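The sequence shown runs 4 to 777 under my numbering.
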Amino acid sequence: MNVTVALRGVDALGPKVKQAVDRIKELTTRAQQARTRLKDVAITQNQLKGFEKLRTEVLQTKNELDKAKAKAKEFGDLARKTAFAAEPYEAARRKVRALAGDYERLTERMKVAQQSLGRKGYDVGGTTISALQQRAQADHAAALAQVQRAERMEAARARADRMRGTAGNMAAAGASMLVPGYAITRGLGGAAGAAGDYQSELRQIALTADMTDAQMRALGQQLIRTSGQVYQGTEQLTSGIAFLIAAGMANDVAQRSIHTIGKVSTAYKADILEVSQSAFVLNDALGIVPERLQGAIGIMAKAGKEGNVELRDMAKTLPVLSSGMVALKMKGNEAVATIAAGLQIARKGAPTADIAANNMQNFLTKVMSPETLKKAQEKFGLNLYGVITKAQAAGKNPIEAALSAIQTATKGGDQKLIGDLFQDMQVQAFLRPMLQNMDEYRRIKNEALAAASGTMIDADFERVVVDQDVQVRRLTDAWMNLKIMLGQALAPVLVPLAGVLSRAATGLGNFAERHPKLITLLATLAGLLGVLLVVGGSITLMLAAVLIPFAALTVGAAALGVGLAPVLGILVLIAGAVAAVTAAFVYWDEIVAAFKQKWADLKFELGVVGGFFLTVGRAIVDGLIKPILNGGAEVVRAILGLVSRGVDAVKAFLGIRSPSRVFAGIGLNTAQGLALGVERGTPSAVASVRRMAAGVAVAGVATVGAVGAAAAGGPGGAAGAGAAGGGVQIGPVSIVINGAGMDAEAIGREVERRLQTLARQARSDAQARFFDDN
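Right under this line is the structure:
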């Protein structure tokens with residue numbers, strides 16, 4: 004029972020484990036998706052960086068394009084006034100076209116990148132890049148967390164798979180022990196049961212036939228041997244011979260007949276009880292001895308092949324029809340052939356074989372009735388009684404003689420004349436097909452009599468026994484015979500023999516019969532082995548049943564993101580709490596009584612302990628506190644002296660005579676130090692500021708001077724500039740720059756650009772004045 008409960012527990016856990024596995028598969032799929040998402044987020048982050056860089060390039064190109072357009076406009080205005088500006092103007096226009104092309108290409112690339120990011124949900128047009136990058140980083144962190152969780156789940160699944168594999172191996176090992184152990188114990192128990200049942204059936208037969216125990220055992224051995232020869236189980240053969248003996252057949256006649264009965268049942272798949280009934284009728288009523296039984300049944304089987312009433316159907320109706328044959332003084336194979344051939348023809352006028360047999364039975368009953376004999380004599384001048392008795396005296400077939408006379412009297416089977424002779428509807432239903440098919444009747448009968456040798460049954464038997472169902476039944480019967488033989492040989496001791504082939508099973512049965520003592524010893528050892536295997540297998544299966552939910556717990560812990568130990572701890576706590584509550588509920592009265600007793604004992608012990616500590620406390624107070632209290636003045640003076648000496652030591656170490664003066668000096672030194680530092684650092688700060696201003700001024704003047712020199716004629720313009728007064732002179736200017744987001748280098752470039760613009764304007768004015776002077 005425990006093994007069954009364990010197996011059912013494993014089966015019940017199966018769907019739960021499957022659900023957990025399915026959940027893990029789903030999480031694995033999500034993990035793959037998370038990894039893909041993680042890659043996409045990384046790509047998106049790179050795209051955002053690239054977009055930011057691209058946008059910067061676009062802005063820079065736009066600025067350069069705007070500058071080039073302004074310069075081209077300046078040269079264009081100048082070219083309209085003087086011819087020497089035409090070439091710079093064309094160069095400026097080419098630069099504008101090149102920058103415009105670059106700007107258009109970069110703008111298109113930025114548009115494509117913006118669309119790609121937009122499809123991923125990143126609106127670079129309406130949100131700052133930094134915000135989008137923060138969002139991408141958040142997405143990256145979320146995807147990374149999901150991947151890490153999935154990796155934990157995958158690791159948990161791997162552990163669970165290993166645990167389930169271990170559980171499966173343990174279950175297989177348990178089953179490998181349990182199954183053979185169960186088979187041994189069950190097989191030995193089945194052998195004892197089968198032998199007991201078989202002996203009980205034989206005992207009933209022996210009581211009916213008044214057999215001795217020796218005769219009963221001989222009958223049992225004969226039936227087992229016959230079972231293997233005719234492919235019928237001992238149970239079927241026992242029921243057949245039990246019927247024969249119960250019907251009144253002699254024991255030796257029944258034993259001589261059972262072999263043929265079993266073979267016929269196998270060859271024609273007939274019920275062995277029906278064949279046994281036919282065998283009894285053939286022997287008891289028609290005088291067929293056991294040695295000719297197979298031939299008589301062969302006659303019936305051959306007739307069945309030639310007509311439409313098979314042996315199985317004839318076996319059911321033979322007891323009734325044979326009594327009619329005996330009444331007409333017919334026996335032997337002639338009577339058997341007449342019944343068999345007559346049924347085939349009677350079936351032509353009947354819907355079923357049973358109705359055909361009933362019609363034939365009515366004819367056999369009415370043909371010799373006084374009413375029929377009177378009508379035949381008065382209406383047809385037919386001495387039907389004389390025809391039948393004459394045939395009987397001459398050793399001929401009286402039924403055929405009667406049928407021939409009736410055929411002549413009714414003019415070949417005239418319906419009205421038949422009705423005048425027999426008013427019984429069943430008799431008429433028999434006579435019509437018989438009178439119309441007498442030649443067919445004779446043919447079937449002659450062929451059936453030719454099969455009286457019994458060789459046809461042997462041939463049919465050999466053809467049937469190769470069928471799969473017969474072979475399977477043979478194996479089953481052989482196994483049953485083996486169990487019976489083992490049970491008879493061993494009595495209460497079981498034997499560990501098993502067979503799957505009928506020949507091997509029969510051989511083992513014979514071996515058991517010849518060596519009962521050896522089988523007894525082996526059975527005892529096998530019984531012990533079977534018990535050990537069953538116990539070991541049961542324990543292994545229960546361990547496997549425990550391991551499977553442990554694997555499920557591992558997966559569940561991984562899904563929750565916690566270790567297995569906390570989960571087990573929680574489960575143990577829950578189980579302990581449930582056990583505690585259950586125990587408290589069941590044993591509440593006992594717990595309360597025990598608690599009351601323990602509480603009383605505890606109060607007594609606490610009283611004893613309390614008295615002990617009270618005594619100790621009093622001793623401490625008397626021995627320690629009281630002397631201190633009595634010498635209180637001395638104690639206070641000692642403490643004050645100790646504190647005073649500590650303060651004096653600190654003042655001496657720091658050189659303090661007056662604390663207020665000391666800390667006033669510290670404050671003064673702090674202020675003086677701060678002032679001195681500011682004073683000493685001021686010249687350096689001022690010098691730094693002056694150097695920066697001078698650098699800016701020099702850079703502006705140098706730039707303006709360079710521009711003026713270029714306008715005056717190239718590299719040699721320096722001297723000219725000196726002659727002219729140092730180049731183009733511009734007055735003081737005020738430049739305002741919004742430096743938000745710009746570094747020092749960018750601010751310098753912007754200052755340079757504005758100074759160059761002012762210089763160009765001044766040069767243009769100067770050149771205009773030069774033209775006026777010339």
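Ideal Cβ placement from N, Cα and C applies to all residues, glycine included.
Owing to the predicted nature of the structure, the values given are computational and were not obtained by experimental measurement.
In three-state DSSP terms, what is residue 414? Three-state DSSP puts residue 414 in coil, outside helix and strand.
Between which two residues does the alpha helix (DSSP H) harbouring residue 105 extend? Note, residue 105: alpha helix (DSSP H), 89–122.
Could you say if the segment 377–392 and the segment 413–425 meet the contact criterion of at least three C-beta pairs nearer than 8 Å? Output reads yes: the segment 413–425 touches the segment 377–392.
With burial defined as no fewer than 16 other Cβ atoms inside 10 Å of the residue's Cβ, what is the status of residue 591: buried or exposed? Burial call: exposed.
Buried or exposed: residue 118, going by 16 or more other Cβ atoms within 10 Å of its Cβ? Classification for residue 118: exposed.
Whole-angstrom Cβ separation of residue 349 and residue 433, contact assumed at under 8 Å? Between residue 433 and residue 349 the Cβ distance is about 5 Å, and since that is below 8 Å, they are a contact.
What would DSSP say about residue 745, mapped onto helix, strand or coil? Coil.
Residue 400 and residue 408: beta carbons closer than 9 Å? No, the pair does not count as a contact, with Cβ atoms beyond the cut-off.
Relative to the ligand MN, is the shortest distance from any of its heavy atoms to the C-beta of residue 592 smaller than 8 Å? With respect to the ligand MN, the structure offers nothing, as it holds no ligand at all.
Leaving out five residues before and five after residue 256 in sequence, what residues of the same chain have Cβ atoms less than 7 Å from its Cβ? Closer than 7 Å at Cβ, skipping near neighbours: 286 and 293.
Report the CB separation of residue 306 from residue 451 in whole angstroms; it is logged as a contact under 8 Å. Rounded, the Cβ-Cβ distance is 4 Å, consistent with contact.
Does the beta-carbon distance from residue 2 to residue 302 come in below 9 Å? What the structure shows of the chain is the stretch from 4 to 777, and residue 2 is not part of that stretch, so it cannot be assessed.
Would you kindly work out how many angstroms separate the C-alpha atoms of residue 103 and residue 96, rounded to a whole number? Near 10 Å, if we compare the C-alpha coordinates of residue 96 and residue 103.
For residue 141 and residue 806, the rounded distance between their alpha carbons: Residue 806 is absent from the structure shown; the chain starts at 4 and stops at 777.
Please report the residue range of the alpha helix (DSSP H) in which residue 380 lies. From DSSP, the alpha helix (DSSP H) with residue 380 extends over 373–383.
With distances taken Cα to Cα, identify the nearest neighbour of residue 345 among 445, 107, 370 and 82. Closest in alpha carbon position to residue 345, among 445, 107, 370 and 82, is 445.
Option nearest residue 114 by Cα separation, candidates 355, 58 and 83: Measuring from the Cα of residue 114, the nearest candidate turns out to be 58.
Compare the C-beta of residue 374 with all C-beta atoms of chain D and state if any pair is closer than 9 Å. Among the protein chains of the structure shown there is no chain D, as only one such chain exists.
Does the Cβ-Cβ distance between residue 796 and residue 370 come in under 9 Å? For the chain, the structure presents residues 4 to 777; residue 796 sits outside this window and is missing.
Quick test of your reading: residue 92 and residue 68, contact by CB under 8 Å. State the CB separation rounded to the nearest angstrom. Between residue 92 and residue 68 a beta carbon distance of about 17 Å is seen, past the 8 Å cut, so the two are scored as non-contacting.
Residue 465 versus residue 25 - alpha carbon distance: Their Cα atoms are separated by approximately 57 Å.
Residue 577, buried or exposed, once every other Cβ within 10 Å from all chains shown has been counted against 16: By the neighbour-count rule (16 or more Cβ atoms within 10 Å), residue 577 is not buried but exposed.
Looking at C-alpha atoms only, which residue of 152, 332 and 482 is the closest neighbour of residue 511? For the residues 152, 332 and 482, the minimum Cα distance to residue 511 belongs to 482.
Would you kindly work out how many angstroms separate the C-alpha atoms of residue 364 and residue 517, rounded to a whole number? Near 53 Å, if we compare the C-alpha coordinates of residue 517 and residue 364.
Residue nearest to residue 231 in terms of C-alpha spacing, selected from 480, 435 and 146: When only C-alpha atoms are compared, the closest one is 480.
With 16 as the cutoff for other CB atoms within 10 Å, does residue 241 come out buried or exposed? Buried, by the Cβ-count rule.
Residue 295: buried (16+ other C-beta within 10 angstroms of its C-beta) or exposed? That one is buried.
What does the Cβ neighbour count give for residue 448, buried or exposed, with the cut at 16 atoms within 10 Å? Residue 448 is buried by the Cβ-count criterion.
Indicate the three-state DSSP secondary structure (helix, strand or coil) for residue 262 in the structure shown. Three-state DSSP puts residue 262 in a helix.
Return the chain-ordered list of same chain residues with a C-beta closer than 6 Å to the C-beta of residue 250, the five sequence neighbours on each side being excluded. Excluding sequence neighbours, residue 250 sits near 283.
Using only alpha-carbon positions, find the residue among 329, 197 and 223 that is nearest to residue 205. Closest by alpha carbon: 223.
Straight-line gap, residue 738 to residue 137 (C-alpha atoms, nearest Å): If I take the Cα positions, the gap works out to 38 Å.
DSSP three-state assignment for residue 279, whether helix, strand or coil: Secondary structure at residue 279: helix, using DSSP grouped into helix, strand and coil.
Helix, strand or coil for residue 62 per DSSP? Three-state result, residue 62: helix.
Nearest candidate by alpha-carbon position, reference residue 225, set 210, 213, 207 and 244: If we check each option's Cα against that of residue 225, 244 comes out closest.
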